[in-house]
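Working notes, beginning with the structure itself.
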Amino acid sequence: VPGDGFCVGASCNPKGLMFVPPRGLERDAVEAVNALIREHCHSTFVWSSLQFNRNTNSLPHVDKNNLGPSFVLIVGDYTGGSLCVASRSIRTPAGGSPIGVHIAGRERHYTEPFTGLRFSVVAFVHSEACHLSQRQRATL
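Each residue of the sequence shown is one higher than the one before, starting from 11 at the first, in the working numbering.
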């Protein structure tokens with residue numbers, strides 16, 4: 011996928027489940043995003059992982075390790091770049107910022123081409139999150 015990004019929380023590598031704690035400035039970003047999610051999402055929304063993206067233009071795909079709904083926050087100074095979930099007729103405003111939307115990551119979705127600087131953060135429950143320790147869960 012073109013662009014830059016990192017994931018904190020539950021994730022997987024070829025060997026299986028791994029836990030990626032936030033480090034350095036990532037901690038500040040995680041705290042800010044968590045506060046925003048708690049403020050703007052329903053109290054029943056939970057997440058085990060945060061995927062941070064910079065200028066990521068994703069082709070149509072399905073997130074194979076997501077469980078339940080995901081919350082996507084999109085910000086930046088860009089034109090185009092709508093997030094689309096055709097099966098639910100979801101198409102976020104092009105170039106609008108900030109945008110917050112709930113999607114099902116296991117449904118086919120993609121980003122339309124864009125120009126400029128576009129950031130997104132995806133909060134989701136990873137399919138292996140149930141294997142995290144209490145201490146690891148508390149990190150997020």
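C-beta: ideal position from N, C-alpha, C; glycine also.
CA-to-CA distance, residue j to residue i, given in whole angstroms
i      : j      : result
Leu35  : Thr149 : 15 Å
Val56  : Ser99  : 24 Å
Val14  : Leu127 : The sequence given here places Asp at residue 14; Val does not occur at that position. Cα to Cα, the separation comes out at about 12 Å.
Leu5   : Pro103 : No answer is possible for residue 5: it lies beyond the span of the chain, which begins at 11 and ends at 150.
Val131 : Ala39  : 10 Å
Leu27  : Ser59  : 12 Å
Residue(s) in a DSSP beta bridge with residue i
i      : result
Gly90  : Phe124
Gln146 : Gln146 is not bridged to any residue.
Continuous alpha helix (DSSP H) stretch holding residue i: start and end
i      : result
Val111 : That residue, Val111, is in no alpha helix (DSSP H); its beta strand (DSSP E) goes 109 to 114.
Asn44  : 35 to 50
Ala20  : Taken as a continuous stretch (DSSP letters only), Ala20 belongs to no alpha helix (DSSP H), being part of the beta strand (DSSP E) at 14 to 23.
Residue i classed as buried or exposed, judged by whether at least 16 other C-beta atoms fall within 10 angstroms
i      : result
Val72  : exposed
Leu69  : exposed
Gln61  : buried
Asn63  : buried
Gly19  : buried
Val54  : Residue 54 is actually Thr in this sequence, not Val. When all chains shown are included, Thr54 counts as exposed.
Ala114 : buried
Inter-stretch contact at 8 Å, needing at least 3 Cβ pairs: the segment 127 to 144 / the segment 73 to 84: Yes, they touch.
contact_flag[the segment 112 to 126, the segment 80 to 96] where n(CB pairs < 8 Å) is 3 or more: Judged by Cβ distances under 8 Å, the segment 112 to 126 makes contact with the segment 80 to 96, as three or more pairs qualify.
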